[in-house]
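All residue numbers for the sequence shown refer to this note's numbering, where the first residue is 90 and numbers rise by one. For every residue, glycine included, the Cβ atom is placed at its ideal position computed from N, Cα and C. Presented below is the structure to which this report refers.
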Amino acid sequence: MLVVDHLCFEYAQGQHFDWSFQLLPGQCMAITGGSGAGKSTLLQTIAGFLTPTAGTLTWQGQDLLPLPPWQRPVTSVFQSHNLFAHLDVMTNIALGLNPRGKLSSEQVAQVSTLLAQVGLAGFEHRLPEALSGGQQQRVTLVRALLRSQPLVLLDEPMTGLDSQNRMYLYELFNTMKQQGYAILLVSHDVSDVEALADRCCSLIDTEAGVMLEPYS
């Protein structure tokens, strides 16, 4: 279980955040809020890219705060694709597992299986320029998810995707929930929240700072 207990972050200009919630394996929790409410700030703090000023953050009883991002049991998927234009899909994905881009035969098979699950069967040797924005987003997701970390942070993963591409990802994320992954989803789209979330919280600006409030 992910336990966030009064985890705080403050920007130099004074905006203060104070987050508390719990997330069980097999659950998806959606985080909503207006522009600038701190949705991405929350994910980046959990992932280890931002340093909190107070509070605790644990996963299955392990304190995550002393750990650098690459040692946390976290897979982060942010909005940028970050694909290497001169490398094909398979190599771009391989670099997420091995800096040299080398995969075992078992890993190659795993990549092909995941690509098929998101509607990209046979795309292994295509360059990013031959892919639509939605297809590039799915390649980025496959690369991140191959790390097989139990806590998945999704920052607007459906941005720019058409309805068919969204359905591919809905199916993938719901399958991951069934497999026991804990998913924290930031989205402004009600349809994404309805399709994936077991519970929702909204970031609310209060006198004490920006805090999470649950809603049904």
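The shortest CA-to-CA distance from Gly127 to any of Cys289, Glu195, Ala286 and Val275 is the one to Val275. Per DSSP, reduced to three states, the secondary structure at Ser221 is coil, with no helix or strand assignment. The residue among Leu91, His95, Arg288 and Leu292 with its C-alpha nearest the C-alpha of Ala119 is Arg288. Here Arg236 has Thr164 as same chain residues with Cβ atoms under 6 angstroms from its own Cβ, once five neighbours each way along the sequence are excluded. Of all C-beta pairs linking the stretch 199-214 to the stretch 169-184, three or more are shorter than 8 angstroms, placing the two stretches in contact. Residues His105, Phe106, Asp107, Trp108, Pro141, Thr142, Ala143, Gly144 and Gly298 of the same chain have their beta carbon placed closer than 8 angstroms to that of Cys97, with the five preceding and five following residues left out of the count. Between Leu112 and Leu273, the C-beta spacing is below 9 angstroms. Boundaries of the beta strand (DSSP E) harbouring Thr121: Cys117 to Thr121, taken from the DSSP string. One Cα belongs to Tyr270, the other to Leu240, and the distance between them is close to 6 angstroms. Per DSSP, the beta-bridge partners of Val163 are Leu240. A distance of 9 angstroms or more separates the beta carbons of Val92 and Thr130. For Glu213, the secondary structure class from DSSP, reduced to helix, strand or coil, is coil.
Contact annotation, Ala286 with Tyr259: C-beta distance approximately 11 angstroms; criterion of less than 8 angstroms not satisfied. For Ser280, the enclosing alpha helix (DSSP H) covers residues Val279 to Leu285.
Nearest Cα to Thr229 within the set Gln268, Phe173, Asp94 and Ser194: Phe173. Note on the stretch 175-206: whole alpha helix (DSSP H) runs with a minimum of 4 residues are 178-183 and 194-206, in chain order. Around the C-beta of Asp244, 16 or more other C-beta atoms lie within 10 Å, and the residue is accordingly described as buried.
Put simply, of Gly123, Ala101, Gln151 and Gly150 the residue whose alpha carbon is nearest the alpha carbon of Leu139 is Ala101.
Per the C-alpha coordinates, the member of Leu242, Asp278 and Val197 positioned closest to Ser252 is Asp278.
Measuring C-alpha to C-alpha distances from Met247 to each of Ile293, Gln149, Val207 and Asp281 identifies Asp281 as the nearest.
With contacts defined by Cβ atoms closer than 9 angstroms, Leu132 and Val178 do not form a contacting pair.
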